[in-house]
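Beneath this line is the structure, given in structure tokens, with notes to follow.
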Amino acid sequence: VVGVDISPYQPTTIKPKNFEFVMANVEERLPFDDNTFDFVFQRYLVFGLSKENWPQILSNLTSAYSSLKPVLTKKLQVSDEEYDELTKTSLKEVVEFNSYYQIVRVYAREWIFKSQKLL
1 VVGVDISPYQ
11 PTTIKPKNFE
21 FVMANVEERL
31 PFDDNTFDFV
41 FQRYLVFGLS
51 KENWPQILSN
61 LTSAYSSLKP
71 VLTKKLQVSD
81 EEYDELTKTS
91 LKEVVEFNSY
101 YQIVRVYARE
111 WIFKSQKLL
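Residue numbers for the sequence shown follow full-length UniProt numbering, so the first one is 1 and each next one is one higher.
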């Protein structure tokens, strides 16, 4: 299991034996070779990045997904239920979040479609 974070601080007291932290920035190409992973999971990455940076971020994540082994599994997570709950905030936050959510939703659908074509 590999965890990726931009922070140089990586906890040691909660680290399982089969876990490795890698310091990397999703605004740059991630440091993994093709066919490295069986599964890629990211959750709420959308909140840490500006909308203007998303085209480059999505391109870099595409490179990360090429590191998946041929039977690929990935999970971009912001479920509809979570989205509905998160939008119970101020209108400004909802509008800003909705822009991010729509980008992620379109991207996830594109990847699901591409994945189905590969299987």
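Glycine included, C-beta positions come from ideal geometry on N, C-alpha and C.
Provide the residue(s) that pair with Glu20 in DSSP beta bridges, ordered along the chain.
Its beta-bridge partners are Val2.
Determine the burial state of Ile57: buried for a count of at least 16 other Cβ atoms within 10 Å of its Cβ, exposed for fewer.
Label assigned to Ile57: buried.
On the criterion of 16 or more Cβ atoms from any shown chain inside 10 Å, does Val40 qualify as buried, or is it exposed?
Classification for Val40: buried.
Would you decide whether Phe37 is buried or exposed? Buried here means 16 or more other CB atoms lie within 10 Å of its CB.
The residue in question, Phe37, is buried, as its Cβ has 16 or more Cβ neighbours within 10 Å.
Give the single residue among Val26, Pro8, Tyr9 whose Cα lies nearest to the Cα of Leu49.
Of the candidates Val26, Pro8, Tyr9, the one whose C-alpha sits nearest the C-alpha of Leu49 is Val26.
Since Ser33 and Phe21 are thought to touch, with beta carbons under 8 angstroms apart, how far apart are those beta carbons, to the nearest angstrom?
For the sequence presented, residue 33 should be read as Asp rather than Ser. That pair is no contact at about 18 angstroms.
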